[in-house]
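Colleague:
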Amino acid sequence: MLVSVPGSWHNVMVMPLADWAEPVARHLLKEPLTRRWAHTRGVARTARTLAPILGEDADLLLAAAWLHDIGYSPALAITGFHQLDGARHLRDVEHADDLLCRLVAHHTCAINEAEQRGLAVELVREFTLAPPDLADALIYCDMTTGPDGQDMPVAQRLAEITERYGPGDLVSRAITRSAPVLTAAVERVALKLYDHERSRLADVRAIMALKDVGYALPHRPVHLVAS
Ligand SMILES: [Fe+2]
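So the sequence shown is numbered by the numbering used here: it starts at 908 and just counts up by one.
1. Roughly how many whole angstroms lie between the Cα atoms of D976 and A1116?
2. Reducing DSSP to helix, strand and coil, say where T1052 ends up.
3. Given W973, which residues of its chain have a CB within under 7 Å of its CB, disregarding the five upstream and five downstream residues?
4. Restricting to Cα atoms, I'd like to know which of L1089, A945, D1076 is closest to R1024.
5. So, is S1085 buried or exposed, given that buried needs 16 or more other C-beta atoms within 10 angstroms?
6. Count the CB pairs spanning the region 1043-1055 and the region 987-997 that are closer than 8 Å, and state whether there are at least three.
7. How many angstroms separate the CA atom of E1208 from the CA atom of H1014?
8. Identify, in the order they occur along the chain, each residue of the same chain with its Cβ nearer than 7 Å to the Cβ of P959, setting aside the five sequence neighbours on each side.
9. I'd like the ranges of any alpha helix (DSSP H) spanning at least 4 consecutive residues and lying wholly in the region 915-964.
10. The alpha helix (DSSP H) with H989 in it runs from where to where?
11. Classify D1058 as helix, strand or coil using the three-state DSSP reduction.
12. Look at the alpha carbon of R995 and the alpha carbon of C1008, and state the distance between them as a whole number of angstroms.
13. Any chance the CB of V931 is under 8 Å from a heavy atom of ligand 1?
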């Protein structure tokens, strides 16, 4: 997916969506929220590993990874519900791609936290759900990346969130309710990656086998015949 930006040949230049998203997220997160920025960089790193199973959606997913937590930025935090604050900023200020806004709005089972905050009606009225495959991919990236950007198994990530917010916090309640859905999404994506890698290795083995056959062919001398 490409995004138009002003200021170049014919006053319009197209660039990958992720190349536009990264500096937007950096501007909003790096200075005020160092740890959140480290997490975001880790989520983007994980998103890049999904490119082989996403095809032409790889750029969109990477852009969503960069932008998924911008709603935590003090510059955007209006409701305190980061998925909605981030998505509204992307829609109303950045005029971003609709699907990108929907991915950010609903990322990581946002509906459960929206219910806890009394914002579920606003969320579903303003943003429809993203396609399941893309929603799963973003969950995989967010739920296998720790708060400092490190790789982390999903069970440890869920426990880490609950511990960080405390057992009585509404975020902890929402993530506990979301845990089965989040875990299943991570498992689906991991299985897709496994299947893709297995078929890739099968292709490599087939190529190597063909080469072996080629090497085993008896040498056939080439007779140069003078004409
Ligand atoms: Fe996140």
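Virtual Cβ for every residue (Gly too), placed ideally from N, Cα, C. Predicted, not measured: the structure shown is a model, and the values here were computed from it.
Modeller: By the coordinates alone:
1. 47 Å
2. strand
3. A925, A928, E929, A932, T947, A951
4. D1076
5. buried
6. no
7. In the structure as shown, the chain begins at 908 and stops at 1134. Residue 1208 is therefore absent and cannot be evaluated.
8. H1103
9. 924-936, 941-956, 958-961
10. 989-999
11. strand
12. 8 Å
13. no
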